[in-house]
Each structure stands twice: as C-alpha cells, then as structure tokens.
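Visitor: This is the structure I have questions about; it appears just below.
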Amino acid sequence: MSELTLLLIRLAFLAVLWFFVIAAVGVIRTDLFGSRTAPAGPRKGSKPAKPVAKPKPKKGEPRQLVVTGGPLQGTTINLTETPITIGRANDATLVVSDDYASSRHARLFPQDGQWIVEDLGSTNGTYLDRSKVTRPTPVPLGVPIRVGKTVIELRK
Amino acid sequence: MPAKRRVAQLLMLALAVVVVMGAYANVGLAMDEKIPSGMLTYGLSLGGLMLAAYLVLAKFAPWADPLILPLVTLVNGLGLVMIYRLSESDSPLPSAKLASPNTQLLWTLIGIVLFSATLIFLRDQRALQRLTYTAGAAGLFLLVSPLIPGLGQEINGARIWIGIPGVGQIQPAEFAKLALVIFFAGYLVAKRDVLALAGRRLLFIDLPRARDLGPVLITWGVSLGVLVMQKDLGSSLLLFGTFIAMLYIATQRISWVIIGILLFVGGAVLAGLVFDHVQQRFEVFLNPGDPELFVKIGGSEQLMQGLFAMGSGGILGTGLGQGHPELIPLAFSDFIFAATGEEIGLTGLMALLMVYALIVERGLRTSIAARDPFTKLLAGGLSFLLAWQVFIIVGGVTNLIPLTGLVTPFMSQGGSALLANWILIALLVRMSDAARRPPPQAIQDEGLTQVFQR
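These protein sequences, in sequence, are chains A and B.
Reminder that position 51 of the first sequence reads as 116 in the working numbering, one-by-one numbering, no gaps.
Reminder that position 342 of the second sequence reads as 353 in the working numbering, one-by-one numbering, no gaps.
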C-alpha cells in the first residue's frame, strides 16, 4: 500500500468523521426550525410529497382565517396543521395591538378536522359568537370570534 | 411540535456504522495491506445490534430523540476499532495482551440487551421517583461492596472490583453512579425549595442554613471515603461533582457550587498530605517530564507515553493503524483517548469530542423539554455525569488535571462501564421520548378539565 493511498484514506476518514458530526448538527437544525422552513422552501425532493398528501380538504373544513373587524380588518391567514396564537406578544401568529387583548390571549388549533378555540387565561376573555369561551370549544365556519376589538372568523 | 424523525435516525445510524466499517478497513489496509477478514463480521454485528436497538426504540419510545442512538453507536464502534487495532499490533508491554475486541463486542451485545430491557420495562421514568431512597441505599451498597471481605477484589492497586463466580469481575461503582443520580434527583425534587430559599445573605452569596448542609457533607464524606478506602480518585471526583451540579440545577444558587468546590479542594489537599497514592498523582501531574518519575513504578510513564502519542499524531494524526499507540500502557482502557489521538490527530479528536458534546446537548435539551421537575433533574444529572466523566478522563490524559482512573465512556475496554453507560443512554432515550411526545389534547365537553402546555 503506497504512502499516498494511505494519506488519502486518512484524510477521507477524517472528512467522513466530520461529515457525520455536521450531519448530526443538521438533524438538530431541522429539529429546531424544520416546521418553519418546510412550507417556505419546497425545493427538497421529499418536501413536495407532503403538500400533495395533505390537500384532501373534506367538505366544510376551513382553510382560511379572516379578520373581519378591528384594526387588522382584511388580514387573512392560511390554515395549516400548526396552531395559531392570537395576542399582543411578538411571537403570536396574529399580533394584535389592542389595549383590550392580553399578550397571549387565545389559541386556535386543529383536531380531528375541526378547529378548536381555547382562551389562554386572558384578562378580558374570548368570545365565540355571543358566549364567552371558558374551555376549548370547536369553531364552526363563519362564526365570529372576538378578541378585544378584533373579530376573526374561519372561512373555506 | 417535534416530529419523530425516524428516517433521519436510521440514516444517521447507517452512517455511523459505515464510518466504523471504514475505520476497520483503514486499520487493515494500513497494517496488513488488505481489508481485514473480520471487517464484515464486526461491521455487520455492530450494524445488526444497532438495528435491533433501533427497532426496540421505534416500538417502545417512538418519540425519542433521533440523535442519541447514532452518536453513541459511533463512539462505541470507534472504541471497538481502536481495541481491535491495539490487539493486532505487537507490543513490548505485557498488559497489551489484555486488549480483546471480541470480549468488548460481547459486552456491547449485553449492553444493547440491557438498553432494550430498560426501554421495555421502564415505561415511565417517573416510576423511579418512588424508588428514591431505595436507589440511594442500593447505590451506597454498590459503592462499598468491594470492601466486603470475600466479595471484593483488588486489581492494580484499586479495590473497586467484586468477583462473581463464573462470570468474572465487575465494577459496582459504575452502576452505583446511576443509582445515586436517581437518588439525588428524587431527593432534590423533594427538598429543593428549602435548600433554595432558607438561609441568609452574607457578603455576596446566600449562605444555606447549617442543617441543610447535612446531605452535602454526607456526600462529601462518602466520596472522600471512596477516595481513601478504595483508592479510586475518579469515582470520587465524579460522584461529588455530579451531586454539586445537580444541587445547582435544583436550587440555582451559586453558593452551593462555591461550598462544594471549597469542600472538595480542602478534602483533596488533606488526602494529598495524608495518603501516598494521592500525593503520587499530584507529583506526576505537576512534573510529568521528570526522568526520575518516568522510570518509577506507578510514575509518569503512562501519562508521558500518552502525551508523546498525541504529539506524534499532531493535527491530522498518523492514520489508523500507522502509529504506535501500543507503546502506551493500558492504551485500550484508560488511555484509549490518547491512543485514538495519535492515529486520528487533533482533527479527529475534535470530531470525537463534538460527538460527546452532542450527546450531552441532546440530554440537556431533554432536560429543558421535560415537563416534571424529577425528569428535568434526572436528565440534567445524567447528562452532566457523562460530560463530567469525559472531562475528567480527557483532562487527565492531556495533563490538564491530575490523572484519575476513569473510563472514556463507550470507548474504553471494560464491561461494567459499557453496560452502565448503555443503561444511562436508555434512561435518556426514555426521558426524551416522554419530553417530545405531544401533550395530551384538551378533552372536549369534560367540564373544567384543562390541559396546560408549557
């Protein structure tokens, strides 16, 4: 075995060892940010498979969240599998600047094809139509949810 | 919400096995100019074992962290390669005959069996909280069991072994560590409020009340006892350091750390003045290059040979199978890190340390994600135990701190440590499964039942 071959093998082994470490870090990265980058960049081979598999919207399943009242009127958010938080906090999905809303006011999440609204212990409460939301409640299509001055509803 | 990441886990596992097989091939090519005949056997048995571990993990802990198993596989496999490589070369040292890759592979098999058994039988790690004091008693018993006449055996000047007829010897201290970490976690969960809040402020640190010092002093006494009676510096340092770290995690009070360090330094200095074998370690640490110490029995020869080896390895190493790590006494156990360093160089050692760091990072992340304080403390404690162990032995081998006889986790030859560390990994996997599992969904129409997610 010549010296050169052994040198190349040695360097290749170190490279593979570091590749392993970098791959591990890559797995950690996708673990932390994967769900966020996945919808944004449909460039990887495996990624388009998911959106193809998912869109089989049954009848009556909401696809959009529309703000129908308040300062953000007209805003729409496309509904995916991820829960939506509403509040004044910067990390909320729908950030409302409203003195009557709490920083983490309410949460909307999908479960078994339904969207559920849950009040997160807000000061002024969340209202589904006319009734105050005291426990996680399913949201029918087109029924207004009131958070402070903001009114939102789910649409197809 | 974290995904299961099964594919990523399987790919990483395959990559780890491929890296290990590549290392085998490299050793064979360099030493005999051909692919070693054992490569397929070793590679396939390692791959088969890890596949089995993966299947158990996928069935019984499907939400577990995807990286822990592949990372451990790589370290364990590289350890196997290094032991194989050391057993292949002719060494002038009599102890080199003890390097046996087949035994180590067998221990790995038993380790995987214990890993699987832990995952299968321990469905909820919180069950361990009920065993707090049982674990404490078991840990103490295991720790002192080598001192029991008839059961304990003294090998190479350290009385840390017990003989089991028909099986051989095991080091109970390795298992005692796990039991004691479980005990610390359970105890601190119950007592952390009083430890964190009671006490008064003096100068810049919050001093605890005198009676709350009790457990710290007891642990200190036990670890000094281990140091004195069993001449086992490593376990003593490991035990006390882990306890102090867990105390800090539980109470977030820096005063405990300061008290702990002062106690340990005081104890170590005292032991150094009184006991010969501790003093000897200090002399070697302070002046390893002294020719007199080098030739002395129990002197600095081992340490210096390790340093020479890493020095001749340099940045890129001599290449697997092309150095002379067989010249280091006990290169296959305590000094496997130095032996590996000679052959894969600084670049490789950094990668290896990164792998250890990533294992610890996954453990600490599990601790952060965990939902109840016991799991948080246990995961934090076990991760710290692993990190601290790597630090103590790598620091010792590189002469950063006085050398203490500890194994390099998963790499050194030795059954007890390997088994105990596989159980440790099983516990981490179990906890990461619990921590990453999506929380139970809110129950509809069930009155005021609410489920909180942090």
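The beta carbon of each residue, even a glycine, is placed where N, CA and C say it ideally should be.
Is the Cβ of A/Val90 closer than 9 Å to any Cβ of chain B?
Guide: With 9 Å as the cut-off, A/Val90 counts as an interface residue toward chain B.
Visitor: Please work out which residues of its chain come closer than 6 Å, Cβ to Cβ, to B/Gly416, disregarding the five sequence neighbours upstream and downstream, and give them in chain order.
Guide: Only Gly245 and Asp345 meet the Cβ criterion.
Visitor: Could you name the residues of the same chain whose beta carbon sits closer than 8 Å to that of A/Val86, not counting the 5 residues immediately before and after it, in chain order?
Guide: Around A/Val86: no qualifying Cβ.
Visitor: Does the beta carbon of B/Met50 sit closer than 9 Å to a beta carbon anywhere in chain A?
Guide: Judged by the 9 Å Cβ criterion, B/Met50 is not in contact with chain A.
Visitor: Should the segment 264-272 of chain B be regarded as contacting the segment 429-439 of chain B, the criterion being three or more beta carbon pairs within less than 8 Å?
Guide: At 8 Å Cβ cutoff, the stretches do not touch.
Visitor: I'd like to know if the segment 335-355 of chain B and the segment 305-323 of chain B are in contact, where contact means that at least 3 CB-CB pairs between them fall below 8 Å.
Guide: The segment 335-355 of chain B, when compared against the segment 305-323 of chain B, does touch it at the 8 Å Cβ threshold.
Visitor: Jot down the residue ranges of each uninterrupted alpha helix (DSSP H) in the segment 105-141 of chain B, minimum 4 residues, whole runs only, in chain order.
Guide: Taking only runs of at least 4 residues, the alpha helix (DSSP H) segments lying wholly in the segment 105-141 of chain B are 112-132.
Visitor: Give the range of the beta strand (DSSP E) segment to which B/Glu337 is assigned.
Guide: B/Glu337 -> no beta strand (DSSP E), and no H or E assigned at all.
Visitor: Is B/Ile353 close to chain A? Criterion is C-beta to C-beta, closer than 9 Å.
Guide: The displayed chain sequence assigns Glu, not Ile, to residue 353 of chain B. No, B/Glu353 lies away from the interface with chain A (no Cβ there is under 9 Å from its Cβ).
Visitor: Considering only residues of the segment 185-254 of chain B, which uninterrupted alpha helix (DSSP H) runs meet the minimum length of 4 residues and lie entirely inside it, listed in chain order?
Guide: List check, alpha helix (DSSP H) in window: 225-240.
Visitor: If we cut at 9 Å on Cβ distances, does A/Ile149 have a partner in chain B?
Guide: No, A/Ile149 does not count as interfacial toward chain B.
Visitor: Would you mind reading off the limits of the beta strand (DSSP E) that contains A/Thr133?
Guide: Taken as a continuous stretch (DSSP letters only), the beta strand (DSSP E) holding A/Thr133 covers Gln129 to Gly134.
Visitor: For A/Ala77, decide whether its Cβ has a neighbour in chain B, counting only Cβ atoms nearer than 9 Å.
Guide: It does: the Cβ of A/Ala77 has a partner Cβ on chain B nearer than 9 Å.
Visitor: Can you find a heavy atom of the ligand ZN that lies under 8 Å from the Cβ of B/Ile308?
Guide: The ligand ZN is not part of the structure shown, which contains no ligands of any sort.
Visitor: Output the distance between the C-alpha atoms of A/Lys112 and B/Ala63, rounded to the nearest integer angstrom.
Guide: With a pLDDT of only 40 at A/Lys112, under 50, the local geometry of the prediction cannot be trusted, and no value is derived from it.
Visitor: Might you give, ordered along the chain, the residues of its own chain that have their beta carbon closer than 6 Å to the beta carbon of A/Thr150, omitting 5 neighbours on each side?
Guide: Ala157, Thr158 and Arg172.
Visitor: Using the three-state DSSP reduction, which class does A/Arg211 fall into: helix, strand or coil?
Guide: DSSP places A/Arg211 in strand when its eight states are reduced to three.
Visitor: Could you check where the alpha helix (DSSP H) with B/Gly356 kicks off and where it finishes?
Guide: B/Gly356 -> alpha helix (DSSP H) spans Ile347 to Ala380.
Visitor: Where does A/Asn143 sit, in a helix, a strand or coil, going by DSSP?
Guide: A/Asn143: strand per DSSP, three-state reduction.
Visitor: How long is the line joining the alpha carbons of B/Gln424 and B/Gly324, rounded to whole angstroms?
Guide: So the alpha carbons of these two residues sit roughly 22 Å apart.
Visitor: Cβ atoms of A/Val216 and A/Arg209: under 9 Å apart, would you say?
Guide: The sequence shown places Pro at residue 209 of chain A, rather than the Arg named in the question. Yes; because the gap between Cβ atoms is below 9 Å, this pair is in contact.
Visitor: Closer than 9 Å, CB to CB, is B/Gln291 near chain A or not?
Guide: Answer no: the Cβ-Cβ gap between B/Gln291 and chain A never drops below 9 Å.
Visitor: Does the segment 130-144 of chain B come close enough to the segment 67-77 of chain B that 3 or more CB-CB pairs lie under 8 Å?
Guide: Touching, per the Cβ criterion.
Visitor: Could you give the residue range of the alpha helix (DSSP H) that holds B/Val29?
Guide: Note, B/Val29: alpha helix (DSSP H), Arg17 to Asp43.
Visitor: From this set, B/Ser394, B/Ala207 and B/Leu153, which residue's C-alpha is nearest B/Pro183's C-alpha?
Guide: When each option's Cα is compared against that of B/Pro183, the closest is B/Leu153.
Visitor: Assign A/Pro175 to one of three DSSP states: helix, strand, or coil.
Guide: Strand.
Visitor: Could you spell out where the beta strand (DSSP E) holding A/Leu193 opens and where it closes?
Guide: That run of the beta strand (DSSP E) goes Thr191 to Leu193.
Visitor: Taking the beta strand (DSSP E) that B/Gln164 belongs to, which residues open and close that run?
Guide: Counting along the chain, the beta strand (DSSP E) containing B/Gln164 begins and ends at Gly163 to Ile166.
Visitor: Less than 9 Å between CB atoms is the rule here; does A/Thr188 satisfy it with respect to chain D?
Guide: In the structure shown, chain D cannot be found, because the protein chains are A and B.
Visitor: Under 9 Å, CB to CB, which of the residues in the segment 56-84 of chain B have a partner in chain A?
Guide: Of all residues in the segment 56-84 of chain B, Asp76, Pro77, Leu78, Pro81 and Leu82 have a Cβ within less than 9 Å of some Cβ in chain A.
Visitor: Output needed for B/Leu369: all residues of its chain with C-beta closer than 7 Å, excluding positions within five of it in sequence on either side, in chain order.
Guide: Result list for B/Leu369: Leu78 and Leu82, in chain order.
Visitor: Taking 9 Å as the cut-off, decide whether the C-beta atoms of A/Gly135 and A/Val161 are in contact.
Guide: Yes, Cβ-Cβ distance for A/Gly135 and A/Val161 is below 9 Å.
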